[in-house]
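Numbering (this note's numbering), first residue to last: 341 to 707. Cβ coordinates follow ideal geometry from the N, Cα and C atoms, glycine included. Here the structure comes first, spelled out in structure tokens, and everything after it is commentary.
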Amino acid sequence: MHRSLKLALFALVLLGLVGGSLAYFAAQKSLTLTVDGQAREVSTYAGTVGEVLEEEGLQTQSHDVVLPDSGATVADGDTVVVNRARPLRLTVDGVESEVYVTALSVDEALEQLGYRAEDLVVSASRSERLPLDGMTLSISTPKSVTLVVDGRQDVVTTTAATAGDLLAEHGVTLGQTDRTSIYPTQALMNGMRLQVFRVRVDEVTVATPIPHETVETQDPNAFEGEEKVTRPGVEGEQSTTFRVTVVDGVETGREQLRTAVTREPVAEQVTVGTKERPAASSGNAPSADGLNWGALAQCESGGRPNAVSSTGKYHGLYQFSQQTWNAVGGTGSPSAASADEQTFRAQQLYQRSGAGQWPHCGSRLFG
């Protein structure tokens, strides 16, 4: 080959190599890649954001923020921003949820979530950095709660997360049987009412009487309608034990537990007369025997069957002595007997001894 032709071909090949190298270097781009706030310069021949991230070994997730979009083309001098999302196991006033934030600190996360109040109670330091695998975070917001304890009602503002936390915050101690209107573990919400019920459960024993029976025995020597207690009855007694529930000083329940007889009753013994009564006079009218027993009684006792003399020796309508009363068949005290029986016994006495038994008033029998 002619020497001049070889030189021409060599020059042509050399020109192609130089042009290709120049084109290759012209396609290379310099970008700023910012990942979670950390910026660095990268050189790439990638055409899109997604290719750049792939070259850098960055695998993004659905909650991550990539600017521009992964499909956007890149040019020399561009900036690509990647903010990776962190999962937060979030509890706000007792309500649990899982959220994702691209914040790098607790304070930034609160800002992103809209919790900007300064008086929040947060379980972690606001300056604490959020790890890529997330963290657990609790937030308590200020709430207005009506607290009712021991008869006092107050509206309080609190950041306590639960009812139990609020009680502890105010130094309220619950007894073993005390109750609350909401469970102590329940999350507090704004506008809630929390009431403490002081509950006391006691066993109370109550004594009640057991009525006695009455046993009647017929007495042929006593007049009909007359009764005499020969042995007084005695009431028995039983004790009943109750479980009594008192809420804030008011009894709300009573449950019977057991009953026992502590004293047996004693039956009352009574004699009942069966003898037919004699005919009796009334007022000042003469009786069937023609004598005015009413006038005699009026003179002796003022007509009072239960009259007793000032000396205590004479009793009843006709002022019997106990000895005389017994002598004509009377029993017990004359003043305790019926008016009919007293008249009957006086008639017997008259038949035996005449009107002289009543030296001052005997003449009234004939008036």
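Residue i and residue j closer than 9 Å at C-beta
i: LEU631; j: LEU705; result: yes
i: VAL375; j: LEU398; result: yes
i: ALA607; j: VAL555; result: yes
i: VAL584; j: GLY593; result: yes
i: SER370; j: THR388; result: no
i: PRO524; j: ALA501; result: no
i: VAL610; j: ILE550; result: no
i: LEU528; j: THR520; result: no
i: GLU543; j: LEU597; result: yes
i: LEU470; j: LEU453; result: no
i: VAL586; j: ARG540; result: yes
Residue i - DSSP class collapsed to helix/strand/coil
i: TYR440; result: strand
i: LEU362; result: Note that LEU362 scores a pLDDT of 41, beneath 50, so its modelled location is shaky and nothing firm can be said.
i: GLN526; result: coil
i: ASP404; result: coil
i: GLY593; result: strand
i: GLN659; result: coil
i: ASP447; result: helix
i: ARG704; result: helix
i: ALA676; result: helix
i: ALA695; result: helix
i: ASN646; result: coil
i: GLN709; result: Absent from the model: residue 709. The displayed extent of the chain is 341 to 707, so no value can be given.
i: ASN423; result: strand
i: GLY504; result: helix
i: GLN452; result: helix
i: LEU428; result: strand
Other residues of its chain near residue i: CB distance less than 8 Å, five sequence neighbours each side excluded
i: SER465; result: VAL446
i: ILE479; result: LEU430, THR431, VAL432, ASP433, LEU450, TYR455, LEU460, VAL461, VAL462 and SER463
i: GLY707; result: ASN632 and ALA635
i: GLY643; result: GLY634, ALA637 and LEU657
i: ASP473; result: ARG426 and PRO427
i: GLY696; result: GLY702
i: GLN493; result: THR486 and LEU487
Chain-order list of residues whose beta-carbon lies under 7 Å from that of residue i (same chain, five-residue window excluded)
i: PRO560; result: THR614 and LYS615
i: ALA625; result: Annotation note: pLDDT 40 at ALA625 (below 50); position unreliable, no value reported.
i: THR384; result: LYS369, LEU371, VAL392 and GLU395
i: ASP485; result: The question names Asp, but residue 485 in the sequence shown is Val. Counting only Cβ-Cβ distances below 7 Å, and skipping sequence neighbours, we find VAL496, THR498, LEU506, LEU528, MET532 and LEU534.
i: GLN646; result: Looking at the sequence shown, residue 646 is not Gln but Asn. Cβ within range, chain order: SER675.
Below-9 Å beta-carbon distance, residue i vs any chain D residue
i: GLN399; result: The chain labelled as chain D is not found in the depicted structure, where only one protein chain is given.
Exposed unless 16 or more other CB atoms sit within 10 angstroms - verdict on residue i
i: GLN687; result: buried
i: SER710; result: As displayed, the chain neither begins before 341 nor continues past 707, which places residue 710 out of reach and without an answer.
i: ASN423; result: buried
i: TYR654; result: buried
i: THR498; result: buried
i: THR517; result: exposed
i: GLU566; result: buried
i: ASP416; result: exposed
i: ALA562; result: buried
i: THR683; result: buried
i: VAL420; result: buried
i: GLN691; result: exposed
i: ALA457; result: exposed
i: ASP629; result: exposed
Near the ligand ADP: residue i beta-carbon under 8 Å from a heavy atom
i: ASP518; result: The ligand ADP is absent from the structure shown, which contains no ligands of any kind.
Own chain partners of residue i with C-beta closer than 6 Å, once the 5 adjacent residues on each side are dropped
i: VAL546; result: THR580
i: VAL569; result: VAL610
i: TYR440; result: HIS403, ALA425 and PRO427
i: SER437; result: LEU430
i: ASP418; result: LEU371
i: VAL488; result: GLN535
Runs of beta strand (DSSP E) wholly within the stretch 365-393 (minimum 3 residues, chain order)
369-375 and 378-384
Can you list, in chain order, the stretches of the beta strand (DSSP E) that have 3 or more residues and sit fully within the stretch 525-581?
533-537, 539-550, 554-563 and 567-571
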